[in-house]
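With the sequence shown counted from 1, adding 8 to any position gets you my numbering.
Cβ atoms here follow ideal geometry from the backbone N, Cα and C, with glycine treated the same way.
Following: one structure in structure tokens, then a few remarks.
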Amino acid sequence: MEEPICHIEISMEDDEIVAKLQSDLGGIREFRSYTYEEVLKLVVNELQEELEFSNEQHID
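Quick look at the structure:
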């Protein structure tokens, strides 16, 4: 069965791209940049760190 691990919303505010990331482990976070590439890198890095931390917690 599928279980979502996060919700990502990407929008434009003035001339900035805003990504809102919500997950059970990390809560709600917001990332801003002037390029899609940068904001997506920020979101991916955050998710990688969160999932690595989650996996470490399950191993210990």
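Excluding sequence positions up to five away, which residues of its chain have a Cβ less than 6 Å from the Cβ of residue i?
{"i": "Ile56", "result": "Checking the sequence shown, residue 56 turns out to be Gln, not Ile. None."}
Do residue i and residue j have their C-beta atoms within less than 8 Å of each other?
{"i": "Arg137", "j": "Val47", "result": "Here the chain covers residues 9 to 68 and nothing more, so residue 137 does not appear."}
{"i": "Val26", "j": "Glu10", "result": "no"}
Kindly indicate which residue of the options has the alpha-carbon position closest to the one of residue i.
{"i": "Asn63", "options": "Leu33, Thr43 and Tyr44", "result": "Leu33"}
{"i": "Thr43", "options": "Asp23, Met9, His15 and Glu11", "result": "Asp23"}
Go through its chain and collect everything with a Cβ distance to residue i's Cβ below 7 Å, but skip five positions before and after it.
{"i": "Glu58", "result": "Ser31, Leu33 and Gly34"}
{"i": "Pro12", "result": "none"}
{"i": "Ser19", "result": "Val26"}
Within the same chain, show all residues whose beta-carbon is closer than 8 Å to that of residue i, passing over the 5 residues directly before and after it, in chain order.
{"i": "Glu75", "result": "Residue 75 is absent from the model: the chain starts at 9 and stops at 68."}
Would you mind reading off the limits of the beta strand (DSSP E) that contains residue i?
{"i": "Glu21", "result": "His15 to Glu21"}
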